[in-house]
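Structure first, commentary second.
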Amino acid sequence: MSISQYDVIVVGAGHAGVEAGLASARLGLNTLVVTTNLDRIAYMSCNPSIGGLAKGHMVREIDVLGGQMGLAADETCIQFKRLNASKGPAVRGTRVQSDKQLYSQYMTNQLRNHPNISLLQGEVKRLILEKDLCVGVVLQDGSEIRSKATVITAGTFMNGVMHIGLTQTPGGRVGDKASVGLSNQLADFGFTVRRLKTGTPARLHKDSIDWSKTLPQYGDEKFYPFSFRSERKFKLQQVACYLSRTTEKTHEIIRANLDKSPMFCGNIEGTGPRYCPSIEDKITRFADKDSHQTFLEPEGLNTDLIYLQGISTSLPEEVQYEFLQTIPGLENVKIVRPGYAVEYDFIEPTQIWHRLETRTIRRLFLAGQINGTSGYEEAGAQGLIAGVNAAQSVLGREEFVLSRDQAYIGVLIDDLVTKGTNEPYRMFTSRAEHRLVLREDNTIDRLGEVAISNGFVNTESIQALRSLKERRSTMIGKLRSERLFPVAETQEKLTNLGTSVLLKPVSFEELLRRPEISCSTLHEFGFEMDLDPNVSEPVEIEVKYSGYVKRQMELIEQSKRLEELRLPEELSYKEIRGLSNEEVTKLSQVRPRTLGQAQRISGVNPSAIQAIMIHLKGHKKLKEVALVGESRITN
Amino acid sequence: MNGSDRDSQTICAVSTPHGVGGISVIRISGPQALEVTRGIARFLPSKVETHRVYFGTLHDPQAQEDIDEVLVTYFQKGRSFTGEETLEISCHGNPQICQSILNLLIAGGARSADKGEFTYRSFMNGNVDLVQAESVLALIESQSDKAQKLALRQLKGQLSQKLESIENDVTWLMAHMEAGIDFSTEGLELVSNDIITIRLQDVEEGLKSLVQSYRAGRILKDGVRIALAGRPNVGKSSLLNLFLEEERAIVTDVAGTTRDVIAGDTQFDGLKFTFLDTAGIRNHTADIVEQIGIKKSREAHAEADVVLFVFDLTVGFQPEDEELLKQLSEAKPFVIGNKADLLKEPTQTPGFEKLTQYADFAKRNLFFVSALDQNARALILKEISKRFSQTDLQDYVLLSNARHYENLSRALSNSIRCQQLLKEGLGSEFLAIELKEALIAVQETLGKRFDDQVMDRVFKEFCLGK
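Here's what the structure looks like:
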């Protein structure tokens, strides 16, 4: 039995584990990443894409905070799209399709090449606990590895069971074993452990598809990379996706075989995501729809695999064959790997703090699907935060927590630890009440200084961040100070652009507020533009929508009043009059930091918030203090 | 039992209006309500049933004497207005009897309830929403029959119902807006902008009718505010005394005696009327005090629901009167020719022809009266009240609370702006902001959303936090 010692151990090397390991290593800590399969680091087990609505926001946040996901996605992009481009500026989302193998390779290299990271293949069977302190892990061979902090990013592997038809196989992903032991230990310790379900569609062989019956969908030509550190140039050849649709016949076959679906015959107890239903679900719940769209997405440049977006299923393989052949283009399809559902354990996330440390075991951090989320971006975001906080705790520094008005990551974690979840949690823009100020384009404004002051980014990045910030303020200054005069030439240009002529000289800022004018038209009027979209986009948006941005800021100020009303930790909710039993239970479980957080707990009514406030005012227990940097991680 | 916590003490108070009535009701609420009441109501059986009335004689255990024959109703915890264990004693409506019963209850461990405290407890226990709680307060303070009816309707939850239906519509709109944003890649069939517009118009209509009802609702609650306007010494103060049926204003025959806005209340036909007496307006006066009075008068005219313009029939309708009346024309004033008793044929008064351009008898906005004639009061007040009760108010939900008015006005402008944005083709996230703000305003009105400013009001109105 060998004993070795690390500062931080990260269990798992998926999208959460990779970010956790790198975040800890960046802060200078001796970090070990343990995974059951070194060939599948940062593997895209489901769709071959990064980003999307609200998810693209998180990738950019991870990037500014020093994380790797954005760079990896930019580097391996084989199709780029800006979603919701026609909608408002805050809900635009960047999405790239990545070459799956190259993505995994890129991340593997990042881990291998980092001087502070050691990689180890092995299965963690249990944690080494000294009372309520986690001091390391035990592997399947019985060897112990000691650490000062441990991050678990187990994905779908804890007690994972895969379902294809009525056949069940233990495992977290095709080709990989389940990990048994860890969640039982946590349950024994007193954690509430529950089941969730997710699914993935079949992978098809590209040569078996009749592409002429599908509609090609091309990406955007203009590339806006996720990372402020990436070049605005595609590194790889860009490819198309292909659109097809299910038919009446498809639905008929699926309906006739529902008794062979593990979801419908009760074999699966875990809850699946409502926003990402299986095709069986779609057909049952929306019986009136006679067709559903599906995108055929290549999984990479050097692979034959095609991902069938929108058609996740856990029907038996022969049924999958039967119904897929009714989809135009798939008449002679060859399935390389059938779709399947996977059930796994997760830890009810109301049992962890905002810093992602568990409430009952110190120095134990959880990130990713183990906290009930779904999606690579959600996992990466938590991985980064957990890795940072594991490191901070070892270094004896303050916890690192982002607020809801600062980042989608703040919304994600606050939702999880406050509300818990009943289905795999995915980020949506509508979850962010301050959506208009949480844009992709202003990520640097929101998080740049945070990243610099916490030491998350290197000197080169600091310079890049600071320079972008300076160029933005220079451009705003110019827009405000330089004026346009109502001379004949100008008036004619304005008329040609379909906007009214000037009655008096105006600043370029005022001109830019007009709907017909954009940053790209300003140079026609002699305004010298900064052409970098990283500079011009946020400036243009702030100018054009300043009224709304201002209103949103006011709302943030208002909600801050409640966020700053700190609740005493020893508060006994049982003693507060006017709370229902359910409210007492929920409040005692979540133990909200502030009255603002208490308000967000589902099942806690406004009258309960009033009751708490009255109780505290009556007892003068309400401390109106700022939260920032106040709580220290207990050692 | 935690005695230091005011909220867990047992409280008692007379809950019927002050003064001598046939019967008074004393309410006792709190964890010890039954125990305290038993101390003087020995006739209560050992096991009382909820919502049952018990007859017996109250007895003072100290003085060893009977106080009154009463009916006692028992409401068990969770099934009363406050949500707490409650008893109601119906005794004879004599203030001395009531007081001695209260004294005994207090001696037995209860304390005297603060203003609105029963309602506060009911609100805290989730039995009434904020709108309803405010209605109870309004009911307690209501000063006319119609105001009471309005408060009762709100207590029954009619306003809440209407607001909830608006809330529902806004939520529907938001759901569609958000689906269009977050699931734009899923090929959803979204509702058309036309349908969104129709639903927005519904929301706008609903809010508009409530916002517009505020004036009527406020009038019912606070009364009609009437300003008397006119040149000095035309007899405004005498008219005021006539309306108020008392000697309120100083009446002299020296022009410019009244220098302050004096408010007085009167009731007529179930409505309350508040009179703002105003200094007579002369365009050129050197008297500074009088000038201040004049400034106040102009403010009063602007605040009033009704302006009564008064001129002196013995002097006639002079150009100065006309000038003043013109200034007031927006307020659609009633015109009163005063001192009709001093003229044989009042319509022969100088300037009568001119006057008929502004008002006439047929439209019932012109009256020739004498401040000494008692009938004049009823004649004029009846015409005024007609202006405010043309709709059958029974059928309408009216807004009477300034906070509700402010909230819903905000929501109304959100719903209007939202339609504009839709027309301009602005992104749905901006529409969503307008909708969200509207939703917040409606929910704050309903008390469904925690608002610390409301809490400040609650603290103020319910005398808490001591």
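Residue numbers (the numbering used here), protein chains in the order written: chain U, 1 to 635; chain E, 636 to 1101. Every residue, glycine too, gets a C-beta built ideally from N, C-alpha and C.
Per-residue burial, U:PRO646 [other beta carbons within 10 Å of its own, 16 or more giving buried]: Nothing can be reported for residue 646 of chain U: it is not among the residues displayed for chain U, which extend from 1 to 635.
Reduced DSSP category for U:LYS206 - H, G, I as helix; E, B as strand; rest coil: In the structure shown, U:LYS206 falls within a helical segment according to DSSP collapsed to helix, strand and coil.
CB contact flag (U:VAL411, U:ARG431, <8 Å): yes
U:LEU139 versus U:ARG40: straight-line alpha-carbon distance, rounded: Distance between the alpha carbons of U:LEU139 and U:ARG40: 19 Å.
Where the alpha helix (DSSP H) through U:PRO533 begins and ends: That run of the alpha helix (DSSP H) goes 533-544.
Test: E:LYS1083 CB closer than 8 Å to a CB of chain U: yes
Outcome for U:LYS148 when other beta-carbon atoms lying within 10 angstroms are tallied against a minimum of 16: buried
U:LEU494: contacting residues in chain E (beta-carbon distance under 7 Å): None at all; the shortest Cβ gap to chain E is about 19 Å.
Contacting residues, own chain, Cβ-Cβ under 6 Å from E:ALA994 (five flanking each side not counted): Beyond the five residues adjoining it in sequence on each side, E:ALA994 comes within less than 6 Å, by CB distance, of VAL970, ASN1000 and LEU1001 in the same chain, given in chain order.
Cβ shell of U:THR271 (< 7 Å), same chain only, five flanking positions each side left out: LEU196, LYS197, ASN422 and GLU423
Contact with chain U by E:THR909, beta-carbon distance below 8 Å: It does not; no Cβ of chain U falls within 8 Å.
Selection of the segment 803-836 of chain E by Cβ proximity to chain U, strictly under 7 Å: GLU813, ILE816, ASP817, SER819, THR820 and GLY822
Straight-line gap, U:ARG112 to U:VAL11 (C-alpha atoms, nearest Å): 16 Å
Beta-ladder partner(s) of E:HIS694, from DSSP: E:ASP701
Rounded separation between E:SER844 and U:THR429 - CA only: 34 Å
Per-residue burial, E:ASP701 [other beta carbons within 10 Å of its own, 16 or more giving buried]: Burial check for E:ASP701: the Cβ neighbour count within 10 Å stays below 16, so the residue is exposed.
Residue(s) in a DSSP beta bridge with U:VAL457: Paired residues: none, contrary to the question.
Pair within 8 Å by beta-carbon distance, E:VAL606 and E:LEU1047: Because residue 606 of chain E is not part of the residues shown, which for chain E are 636 to 1101, the question remains open.
Option nearest U:GLN105 by Cα separation, candidates U:LYS81, U:PRO115, U:GLN68 and U:VAL91: It is U:GLN68.
is_contact[U:TYR548, chain E] using C-beta, thresh 8 Å: yes
Beta carbon proximity, E:ASN729 to chain U, threshold 8 Å: Closer than 8 Å: no.
Among E:PHE678, E:PHE908, E:LEU1066 and E:SER664, nearest to E:ARG714 - alpha-carbon criterion: E:SER664
Inter-residue Cα distance where the pair is E:GLY841 and E:ILE801: 7 Å
Nonlocal neighbours in the same chain, by C-beta distance under 8 Å from E:GLU1069, ignoring five residues either side: ASN1049, SER1050, ARG1052, CYS1053 and LEU1056
Any non-hydrogen atom of the ligand MN within 7 Å of U:GLY266 CB: The model on display carries no ligand, and the ligand MN is accordingly not part of it.
Top-ranked residue by Cα proximity to U:VAL34, from U:LEU133, U:GLY88 and U:ARG146: U:ARG146
Residues, ordered as in the chain, of the segment 605-619 of chain U that lie near chain E by beta-carbon distance below 8 Å: ASN605, PRO606, SER607, ILE609, GLN610, ALA611, MET613, ILE614, LYS617 and GLY618
Beta-carbon proximity list for U:THR634, same chain, < 6 Å, skipping 5 on both sides: Summary for U:THR634: the model assigns pLDDT 39, below 50, so the residue's position carries little reliability; its value from the coordinates is reported in the next sentence. Closer than 6 Å at the Cβ level, and outside the excluded window around U:THR634, lies no residue.
Neighbourhood of U:ARG362 by C-beta, 6 Å cutoff - its chain only, sequence neighbours within 5 removed: ASP132 and LEU133
Whole-number beta carbon distance between E:GLY852 and E:LYS974, since they are thought to touch under 8 Å: Not really, about 37 Å apart at Cβ, beyond 8 Å.
Simplified DSSP assignment, three categories, for U:ASP414: helix
Residues near U:LEU38 by beta carbon distance below 8 Å, same chain, minus five either side: ALA13, THR108, LEU119 and GLN121
U:SER536 versus U:GLU482 - alpha carbon distance: 16 Å
Same chain, Cβ closer than 8 Å to U:ASP7, five either side skipped, listed in chain order: SER24, LEU29, ASN30, THR31, SER147, LYS148, ALA149, ALA391 and VAL394
Classification of E:GLN644 by the beta-carbon crowding that lies within 10 angstroms, buried from 16 upward: buried
Other residues of its chain near E:THR1026: CB distance less than 7 Å, five sequence neighbours each side excluded: Below a pLDDT of 50, predicted positions are generally treated as unreliable, and E:THR1026, at 49, falls in that range; the measurement from the model is reported next regardless. For E:THR1026, where only same-chain residues beyond five positions count, there are no Cβ hits under 7 Å.
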